[in-house]
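Peer 1: Residue numbers (the numbering used here): 644 to 723. A virtual CB, placed ideally from N, CA and C, is assigned to each residue, including glycine. This is the structure I have questions about; it appears just below.
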């Protein structure tokens, strides 16, 4: 089961290395706008944990999440 690509992640080091200062400022401004609009709509700030594929924990965590998602979907289907 593939995990849904729900987020856009840009590593800061990559942004500093590959984007112009203007592009970095634009990304920052857009991220701040999204955060501000989340607050205005009563949602909390987005906090996430990113585990890169080359980290030793990646496959274990991915498998744990895949199992949890599958179990949740089964429970929802059982309630329908």
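Please report the Cβ distance between residue 670 and residue 653, rounded to the nearest whole angstrom; I am assuming they are in contact, meaning their Cβ atoms lie under 8 Å.
Peer 2: Sequence index remark: in the chain shown, residue 670 carries index 27 (1-based). Sequence index remark: in the chain shown, residue 653 carries index 10 (1-based). With a Cβ gap of about 7 Å, residue 670 and residue 653 count as contacting.
Peer 1: Let me check understanding here. Comparing Cα to Cα, which of 683, 705 and 663 lies closest to residue 692?
Peer 2: The count along the chain shown starts at 1 and reaches residue 692 at position 49. The shortest C-alpha separation from residue 692 is found at 705.
Peer 1: Does the separation of the CB atoms of residue 667 and residue 658 fall below 8 Å?
Peer 2: Mapped onto the chain shown, residue 667 falls at position 24. Mapped onto the chain shown, residue 658 falls at position 15. A contact, by the Cβ cut-off of 8 Å.
Peer 1: Please go through the same chain and pick out, in chain order, the residues whose beta-carbon is closer than 8 Å to the beta-carbon of residue 687, but skip the five residues on each side of it.
Peer 2: As a position in the chain shown, residue 687 is number 44, starting the count at 1. Here the set comprises 681.
Peer 1: Under the three-state reduction of DSSP, which class applies to residue 670: helix, strand or coil?
Peer 2: Taking the first residue of the chain shown as 1, we reach residue 670 at position 27. Looking at residue 670 - three-state DSSP - the assignment turns out to be helix.
Peer 1: Under 8 Å by Cβ, that's how I've got residue 714 and residue 646 pegged, so tell me the actual separation to the nearest angstrom.
Peer 2: Here residue 714 refers to the residue found at position 71 of the chain shown. Here residue 646 refers to the residue found at position 3 of the chain shown. The Cβ separation is near 14 Å, so there is no contact.
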